[in-house]
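2 protein chains.
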Amino acid sequence: MWLNLMAKKALTTEEKILEAAKKVFHRKGYEGARMQEIADEAGINKALLHYYFRTKENLFDAVFKAAFREIFTKLFTTVDSNVPLEEKLKNLINEYICFLQKNSYIPGFILAELNQNPEKIIEVFKSVPVSPSLLFERMKKSVNDEKLEKTDVRELFINILSLCIFPIIARPMIQHIFEFSDEEFDQFIEKRKKELPVFIMNAIRKK
Amino acid sequence: MWLNLMAKKALTTEEKILEAAKKVFHRKGYEGARMQEIADEAGINKALLHYYFRTKENLFDAVFKAAFREIFTKLFTTVDSNVPLEEKLKNLINEYICFLQKNSYIPGFILAELNQNPEKIIEVFKSVPVSPSLLFERMKKSVNDEKLEKTDVRELFINILSLCIFPIIARPMIQHIFEFSDEEFDQFIEKRKKELPVFIMNAIRKK
DNA sequence: ATCTGGTTAAACTATGTGGTTAAACCTAAT
DNA sequence: ATTAGGTTTAACCACATAGTTTAACCAGAT
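Chains A and B supply the protein sequences, listed in that same order.
Using this note's numbering, you'd call the opening residue of the first sequence number 7 and step up by one each time.
Using this note's numbering, you'd call the opening residue of the second sequence number 7 and step up by one each time.
Below you can see the structure in the form of structure tokens.
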């Protein structure tokens, strides 16, 4: 009795709030974010904010879990294909970096909050509908099939993640020390999409 | 007339404050840190805190610049040797990861604060006594000397940084998805010290 | 017409926080 | 003995913030 009755306004109030909270929390973190700012961003008032999500923590948890779910399901599903390793690597890196470009605040947001509250990871990981162990089984198979250096799959996994994610969170530093404009930085990332798979394949291929 | 008169207490009050502020700011960030907590951690009271560093921002800037200086000078000086590239890489990675292990909060702290205030980088980079361009000249020479794939030095530089730093800031996540105890995580990093140089050399060596 | 749930406005509480102040204390240098 | 700088204590101010409350408003459902 309370659903789908809106045709003109595309977003429900709850969605508007979550969108606004996402923006603010991603940029400023839990401590830096202000409920008033979120309300303003959502175009509503503070009272309504508390009417939907009773506390700041509730709202934050919703945003945090959503971000976590997004980045992990994206990661775990982009490997779900039957093409050979090199091809798979290309797809994974390309898709994942594209995702990160569109959601550049997510990794920094998650890592920062997680470093401040490492215990939250247990709770928050429950909202991820994909299991990491499955992913590793698949990766292990791919790696063993080919003529490659003996490679610890976990090591490889972390290396791929590092190479994809770090440049995104270190953007301000990279732009400064390389004196990149915004466009030049984007080109730099664009180039990585092509060169990272080569870099990684070289690293693990038998000589 | 106001110096070196202390023999028993190893640290001056100012140093005690800076140490305390470092701990608190590194763990909680600017917004999350409380002046009272810093005072407690330093074993003094709030009044004295403001007596030394008038404002929270002053104190934070001091801590931030110190962290920045530390991590960058360390990075830039570990490449300052005349050994062949592979050796140099081994040294760099080993020394840098050791440094990061001992200062595991620094990279996350800097990246988080820099993402929230990217404009601060200009000011803060002035406190780094080493220039990055010098580093790149040296790296370029090393890379061109050997029989290697044509490699963009900047790309290589970022890759090395990514592979060293990311695992440190992603520690809570890594520990959880790999189900690592603290000891196992340390072993994981220890292993990386040896395997990262191999990984990278393979990646850039001509086949 | 009325009822209901979403919504607003504005005032309000309680608490925490950065920062200040003033008085007293202690100790080492003069 | 006096001075001066570092230090403590404790009270204090101004302000911002999370969260609450109340009354009124409005639109769609009954």
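Even for Gly, the Cβ is constructed at its ideal location relative to N, Cα and C.
*Note down the Cα distance separating B/D151 from B/K52, rounded to an integer number of angstroms.*
Computed Cα separation, rounded: 57 Å.
*With 8 Å set as the bound, which would you pick, yes or no: does the beta-carbon of A/I50 sit closer than that to a beta-carbon of chain B?*
no
*Would you tell me roughly how many angstroms separate the C-alpha atoms of A/G35 and B/S139, rounded to the nearest one?*
When rounded, the distance between both Cα atoms is 33 Å.
*Could you tell me which of B/K28, B/K108, B/K62 sits nearest to B/E47, measuring between CA atoms?*
B/K28
*Please work out which residues of its chain come closer than 6 Å, Cβ to Cβ, to A/V69, disregarding the five sequence neighbours upstream and downstream, and give them in chain order.*
A27, K28, F31
*Sufficient close CB pairs (3 or more, under 8 Å) joining the stretch 127 to 147 of chain B to the stretch 66 to 85 of chain B*: yes
*Nearest to A/P178 by alpha carbon, out of B/E201, B/I127, B/I166, B/F82?*
B/I127
*Positions along the stretch 168 to 195 of chain A whose CB lies within less than 7 Å of some CB in chain B*: S168, L169, I171, F172, P173, I175, A176, P178, M179, I180, H182, I183, F184
*Output yes if chain B places a C-beta closer than 8 Å to the C-beta of A/E201; else output no.*
At least one chain B Cβ lies under 8 Å of A/E201.
_Rounded to the nearest angstrom, what separates B/F163 and A/S168 at their Cα positions?_
13 Å
*Does the stretch 111 to 125 of chain B come close enough to the stretch 181 to 191 of chain B that 3 or more CB-CB pairs lie under 8 Å?*
no
_Within 8 Å, strictly: CB atoms of A/R33 and B/Q122_ = yes
*What residues from chain A crowd round B/P124, counting only those whose CB sits closer than 7 Å?*
P178
*Could you check how far apart the C-beta atoms of A/V85 and A/M145 are, in whole angstroms? I think they sit under 8 Å.*
Between A/M145 and A/V85 the Cβ distance is about 7 Å, and since that is below 8 Å, they are a contact.
*Apart from the five residues just before and just after A/P173, which ones in its own chain have a Cβ nearer than 8 Å to its Cβ?*
I180, F194, I195, R198
*Mind pulling the chain B residues with CB within less than 7 Å of A/L120?*
P178, M179
*A/H56 to B/Y57 span [Cα, whole Å]*: 40 Å
*State the DSSP-derived secondary structure class of A/R60, mapped to helix, strand or coil.*
Reduced to three states, the DSSP call for A/R60 is coil.
_Just to confirm the assignment, what range does the alpha helix (DSSP H) spanning A/R33 have?_
19 to 38
*For B/L81, write down the residues that DSSP places opposite it in a beta bridge.*
DSSP, once it has assigned bridges, lists no residue as partnering B/L81.
*asked:* Here's a check: name, in chain order, each residue in its chain whose Cβ is nearer than 7 Å to the Cβ of B/N10, leaving out the five neighbours to either side.
replied: Its pLDDT being 37, under 50, B/N10 is placed unreliably by the model, and nothing is read from it.
_Chain-ordered chain B contacts of A/K34 [CB-CB under 9 Å]_ = At a C-beta separation below 9 Å, A/K34 has these neighbours in chain B: E37, Q122.
*Return the chain-ordered ranges of every alpha helix (DSSP H) run that is complete within the stretch 96 to 136 of chain B and spans a minimum of 4 residues.*
Complete alpha helix (DSSP H) runs here, min 4: 111 to 122, 126 to 131.
*Step through the CB atoms of chain A and report whether any lies within less than 8 Å of the CB of B/N150.*
no
*N- and C-terminal bounds of the alpha helix (DSSP H) containing A/K147*: Counting along the chain, the alpha helix (DSSP H) containing A/K147 begins and ends at 138 to 151.
*Of all Cβ atoms in chain B, is any one closer than 8 Å to the Cβ of A/N64?*
no
*Measure from the alpha carbon of B/V136 to the alpha carbon of each residue in B/F74, B/L24, B/R40, then state which is nearest.*
B/F74
_Strictly by DSSP, which residues pair up with B/R211?_
B/L154
_chain A residues whose Cβ lies nearer than 8 Å to that of B/N208_ = E155, N208, A209, I210, R211, K213
*Find the nearest neighbour of A/K200 within the set A/T157, A/L117, A/K94, A/P124, judged by alpha-carbon distance.*
When each option's Cα is compared against that of A/K200, the closest is A/K94.
*CB-CB under 6 Å to B/F59, same chain, minus the five flanking residues each way: which ones, in chain order?*
L65
*A/L91, buried or exposed, once every other Cβ within 10 Å from all chains shown has been counted against 16*: buried
*How would you call A/E37, buried or exposed, if buried means at least 16 neighbouring beta carbons within 10 angstroms?*
exposed
_Any C-beta of chain A under 8 Å from that of B/W8_ = Residue placement at B/W8 is poorly supported in this model, since its pLDDT is 35, which falls under 50; the coordinates are not used for a value here.
*For B/L17, does the count of other Cβ atoms within 10 angstroms reach 16, so buried, or fall short, so exposed?*
exposed
_Partner residues on chain B for A/Y165, Cβ-Cβ distance less than 8 Å_ = With the sequence shown as reference, residue 165 of chain A is identified as Asn, and Tyr is not the correct amino acid for it. At a beta-carbon threshold of 8 Å, the residues of chain B lying near A/N165 are L169, F205, ordered along the chain.
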